[in-house]
Each structure stands twice: as C-alpha cells, then as structure tokens.
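The structure appears right after this line, and notes come after that.
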Amino acid sequence: MVKKDNKKWKFLPLVLCILVVILSVSCRKCSIPLGRSYDYNNLLITYVADGDTVKVEGGRWIRLIGIDCPEFHESDKLFRQAREKRLDIETLKKFGKLARDFTKKLLDNKKVRLEFDAEKQDKYGRLLAYVFLPDGTFVNAEILKQGYAQILSIPPNVKYAENFLAIQKEAQSAQRGLWRMSY
1 MVKKDNKKWK
11 FLPLVLCILV
21 VILSVSCRKC
31 SIPLGRSYDY
41 NNLLITYVAD
51 GDTVKVEGGR
61 WIRLIGIDCP
71 EFHESDKLFR
81 QAREKRLDIE
91 TLKKFGKLAR
101 DFTKKLLDNK
111 KVRLEFDAEK
121 QDKYGRLLAY
131 VFLPDGTFVN
141 AEILKQGYAQ
151 ILSIPPNVKY
161 AENFLAIQKE
171 AQSAQRGLWR
181 MSY
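When we follow UniProt numbering, the leftmost residue of the sequence shown carries the number 1, and every step to the right adds one.
Below is the structure:
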C-alpha cells in the first residue's frame, strides 16, 4: 500500500518545475521589471495611446508624471473633463487627438530615458515617469510648453511641480496649442 502512494506523487516535482519555467518565460515577455537594477536609460517607445500615456518595449505602460492631456476615448474621465471645461464631447475629443498626435510626433519609435519620483507605479500598474529624449528634451515639460496638456500635480510625485506651473502659465499667456482654442 505504501509503495502505491509513492508512485502517485513521483512526477509531481517534474510537473512543478515545468510549470515554473512556463510561468517565468511568459511573465518575462509581458513587462519590464520595476526596480533599481533595471536600466531605464534606453527604452523604445512602441505605442502612443494618448497625450500622456505610452507603451515601451516589453509591453509596459508609462504614465507621464505631472501632466494631464485631454481624453479622446469615451470614458468617465472624458465626460468629467467636458463638464469641467464646459466643452462638448466632440470638441474635447478633438483636443485629445491633437495632444496624442503631438506626443506621437515627439516619441513614437524613439528611445527614451525614464526618471522616477517618489511613487513609481499607479493603481493601474503603469510606471509613473518623467520622460527624456536622448538630446535632453524633457518630454513632460515640452508637452506642457507647447500647450497640449495642463499640470496634474499628485503628491508625492511633485519634483517638477513648480517648474510645470510656470511652463503652463507661459503656454497659456502665449496661447499655444489647446490654450488658443478656449481649452
């Protein structure tokens, strides 16, 4: 009787090893590890979802810290922005597409460096980052400067909040980007 029970569990270690290998390979493909040991200095932008959200090689989503671009996909946030700005949905979607197009022109298929603040990830699993091009262009600030976003300061990620406020005021007074269109 004892020998029969041992045979039943004979292949369990092999099955567990195979399962661990399969899971580790599949998880490695879908995300960039979050931690100090990973090199965030040379990542390829593979997709621009909207004005403030991009995807990098490895499939990880990045949310640009400190800025908020208009939405163009139907969502609660789009309707909330429309109420706050007193704009109709279609006008706001148009602004969102302009912001996305600007960010796409700036980042699509380009290598970037990420810089983090106090919190590195949001509740949706996106990395929260300041994004820089190889020539030193500070992408978050450039989107604000050209008027395609407004500041969104969420503590504790406020390293550049004062700079961003000054940049936004300048874009508004110069009526750049969305600010020239009664945004």
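All C-beta atoms in this analysis are idealised placements derived from N, C-alpha and C, irrespective of residue type, glycine included.
Quick check on residue i: does DSSP put it in helix, strand or coil?
i	result
Arg63	strand
Leu133	coil
Ala49	strand
Lys169	helix
Lys120	coil
Leu127	strand
Asn42	coil
Asp76	helix
Asp88	coil
To the nearest angstrom, how far is it from the Cα of residue i to the Cα of residue j?
i	j	result
Phe102	Gly147	10 Å
Lys94	Val56	25 Å
Cys69	Gly58	24 Å
Gln81	Leu107	25 Å
Ser173	Leu44	34 Å
Arg83	Asp50	20 Å
Glu162	Ser153	9 Å
Arg60	Lys159	23 Å
Asp76	Gly125	19 Å
What residues in its chain sit with their C-beta under 7 Å from that of residue i, if we drop five residues either side in the sequence?
i	result
Arg36	Caution applies to Arg36, whose pLDDT of 47 falls short of 50 and renders its modelled position unreliable; the value that the coordinates give is listed next. There are no such residues.
residue 187	One cannot answer for residue 187 here, as it falls past the ends of the chain, which runs 1 to 183.
Phe132	Val112, Arg113, Glu115, Phe138 and Val139
Pro134	Lys111
Ala118	Pro156 and Asn157
Trp179	Gly147, Ala171 and Gln172
Val48	Val54, Arg100, Thr103, Lys104, Leu107 and Asp108
Leu165	Ile151
Thr46	Lys55, Val56 and Glu57
Ile65	Asp117, Leu128, Ala129, Tyr130, Asn140 and Asn157
What does DSSP give as the partner residue(s) for residue i in the beta ladder?
i	result
Arg113	Phe132
Asp68	Gln150
Lys55	Tyr47 and Trp61
Thr138	As written in the sequence, residue 138 is Phe, which differs from the Thr given in the question. Phe138 pairs with Phe132.
Asn157	Ile154
By Cβ distance below 6 Å, which residues in the same chain neighbour residue i in space, the five residues on each side in sequence not counted?
i	result
Lys97	Phe72
Tyr40	Leu114
Leu78	Glu71
Asn42	Lys111
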